[in-house]
Amino acid sequence: MTEPQKRPMPQARVIPREQHGISRRNISPNALRVLYRLKEAGYGAYLVGGAVRDLLLGGHPKDFDVATDATPEQVKALFRNCRLIGRRFRLAHVVYGPEIIEVATFRGLGDDGSGDRHVVDGLIVRDNVYGTIEEDALRRDFTANALYYAIEDFSVRDYVGGFEDVRQRTLRLIGDPAQRYREDPVRMLRAVRLAAKLGFRIDDAAWAAIFELAPLIVEAAPARLFDEMLKLFLGGHAYESMRWLEASSLLRELLPSTAAAIEARGGDEMPRMMEAALKGTDLRLAEGKSVTPAFLLAALLWPAAQHAHAAEVARGVEVQAAWLRAADKVVREQASRIAMPRRFSLPMTEVWALQARLESATRKRAARLLAHPRFRAAYDFLVLRALDDPRLRELVDFWTAAQAGSAPAAASADASADAAEADEPKKRRRRRRRPGAAAAPADDA
Ligand code: ATP
Ligand code: MG
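For our numbering, count along the sequence shown from 1 and bump the result up by 142.
Structure, rendered in structure tokens:
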């Protein structure tokens, strides 16, 4: 092999079928259909990116991307079930029911200013320059993500040393790491996400540059950062991702209050509630259950929320109102870094605000709280808090019993009186439709 530190110049290495483990059996039949159709029409057709990497690792890719020398319009002409998407870069989506095969035309480097590429302050804002397969490989992020599986002879084409890097389980940026991160700071997040997901190491140069350039991450579009955050935390490796984020100093840029809470404990250890929330998310995903990012974010931003809440209360704001203000402050501060849609910030705020109600509820009020649509999440959150604060264990026991029907059963007579002065009309309507619902355990809404 050539000098591994420097950017290897494109030198096609063709790894024939018998020297790699990729079998067509592990490729989605729809992806194969697309590849064969392109080939039969005379175009180059390759599986590319994460799918090739994962196939080499013996895994089962969740999506299959195809690269070709056919233009998007030429691809569209071949498939009835094809639509063209994308503003920044035109892509073809070939749609088979729930499965979408993304077909991209080789992209060029074309940064000589001649094409349609626009670079502002070193940041690529739009590019639509078609190129060769070599150029397409070079503008990808990691060598392990730049391998091409050719349908014509079932070989793997490697222009950047990715085959060896997959074997060594190493994430190595193609080209100069600092320059590649400056072009697109999200690549730093991709590095830690893929390291966590694949159990790869990050090559020294790519790792060192993250520390230097981590502050650039906030220059990426907040919406894109939010998408990447979802991938980090909902990809089944939330706990590992968090450890990588922390170690790489990226957490300080993205979730500063969360980073501070971890650093306050010496840096190596996260608050137990965060660890449990992250591991719980991974476990639920492994079991095929649904997860909500709102709950996880509520745990990660809890130190910030508590801090803001204490400040409001100190200013004389009433406890519940202080929660709303505190949540508002935390969400606003956070939104300047990562966009947080209301469908996430709202339930997060509710879970926080319900904590005070769980703590102060009289037996009489318990039944009403049990019927709150967000009760279950608030209870689960209380359980997490008790991991760091043993004084809350008694309260957890109370609410555990309450759900089982024992404790508030005695109070359920009072609950109907409570219902009469119910605050939200929505709740009143539900009580009318489902009499007796107040005493029943809250559903897992
Ligand atoms: P995953 O398994 O999580 O999907 P992936 O590597 O397939 O990982 P995608 O976001 O699906 O990630 O991207 C597909 C491919 O596109 C990557 O493998 C890489 O070659 C290329 N790519 C994605 N994002 C970037 C980026 N920011 N810069 C350069 N290349 C990228
Ligand atoms: Mg992918």
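All C-beta atoms in this analysis are idealised placements derived from N, C-alpha and C, irrespective of residue type, glycine included.
query: Assigned secondary structure, Ile293 (DSSP; H/G/I helix, E/B strand, else coil); result: coil
query: For Phe284, three-class secondary structure by DSSP; result: strand
query: Ala234, buried or exposed, once every other Cβ within 10 Å from all chains shown has been counted against 16; result: buried
query: Gly378 CB to nearest heavy atom of the ligand MG below 7 Å; result: no
query: Beta-carbon gap between Ala292 and Tyr188 smaller than 8 Å; result: yes
query: Cutoff 6 Å; reference Gly255; Cβ partners in own chain excluding five residues on either side; result: Model confidence at Gly255 stands at a pLDDT of 35, short of 50, so the residue's coordinates are unreliable; what they give is reported in the following sentence. Cβ neighbours of Gly255 beyond the five flanking positions: none.
query: Burial state of Ala428, where buried means 16 or more other Cβ atoms lie within 10 Å; result: exposed
query: Proximity test, Ala406 beta-carbon vs the ligand ATP heavy atom, cut-off 7 Å; result: no
query: Asn168 beta carbon near the ligand ATP (any heavy atom closer than 7 Å); result: no
query: Closer than 7 Å: Asp207 CB and nearest the ligand MG heavy atom; result: yes
query: Local Cβ density within 10 Å of Ala419, reported as buried at 16 or more and exposed below that; result: buried
query: Spatial distance of Ala564 from Pro435 (CA atoms); result: Confidence is the limiting factor: at Ala564 the pLDDT is only 37, short of 50, which leaves the residue's position unreliable, though a coordinate-based value still follows. When rounded, the distance between both Cα atoms is 30 Å.
query: Where Pro158 falls: helix, strand or coil (DSSP); result: coil
query: Among Gly458, Met330, Arg484 and Phe248, the one whose alpha carbon lies nearest that of Tyr290; result: Phe248
query: Residue burial classification, Ala154 (beta-carbon count within 10 angstroms, cutoff 16); result: exposed
query: Closest Cα partner of Arg299 within the set Ile352, Gly186, Leu355 and Ala350; result: Gly186
query: Contact belief for Arg535 with Ala528 at Cβ below 8 Å, rounded distance in angstroms; result: 5 Å
query: Host alpha helix (DSSP H) of Asp138 (start-end); result: The structure shown does not extend to residue 138, since the chain is modelled only from 143 through 587, so no value can be given for it.
query: Tyr238 - containing beta strand (DSSP E), residue span; result: Leu233 to Tyr238
query: Of the residues Glu454, Val472 and Val473, the one placed nearest Ala464, counting alpha carbons only; result: Glu454
query: Distance cut-off 7 Å: Gly191 Cβ against heavy atoms of the ligand MG; result: yes
query: Nonlocal neighbours in the same chain, by C-beta distance under 8 Å from Phe305, ignoring five residues either side; result: Arg155, Ile157, His162, Leu198, Leu289 and Val298
query: Endpoints, alpha helix (DSSP H) assigned at Glu244; result: Here Glu244 belongs to no alpha helix (DSSP H); instead the beta strand (DSSP E) covers Glu241 to Thr247.
query: C-alpha distance - Glu160 paired with Tyr521, whole-angstrom precision; result: 55 Å
query: CB of Leu367 within 8 Å of CB of Arg324, strictly; result: no
query: Val190: first and last residue of the uninterrupted alpha helix (DSSP H) it sits in; result: Per DSSP, Val190 belongs to no alpha helix (DSSP H); it is in the beta strand (DSSP E), Ala187 to Val190.
query: Bridge partners - Tyr272, DSSP secondary structure assignment; result: Arg249
query: Endpoints, the beta strand (DSSP E) within which Val217 is located; result: No beta strand (DSSP E) holds Val217; the alpha helix (DSSP H) holding it covers Pro214 to Leu220.
query: Identity of the residue in Pro364, Pro413, Arg414 and Pro357 nearest Leu392 by Cα; result: Pro357
query: Cβ separation of Val334 and Ile316, assumed to be a contact under 8 Å, to the nearest whole Å; result: So it is not a contact: roughly 17 Å between Cβ atoms.
query: Min CB distance Leu177 to chain D below 8 Å; result: No chain D is part of this structure, which consists of one protein chain only.
query: Expected contact under 8 Å - CB spacing of Lys471 and Ala450 to nearest Å; result: 5 Å
query: Per-residue burial, Asn223 [other beta carbons within 10 Å of its own, 16 or more giving buried]; result: exposed
query: Rounded separation between Arg394 and Lys204 - CA only; result: 31 Å
query: DSSP three-state assignment for Thr542, whether helix, strand or coil; result: helix
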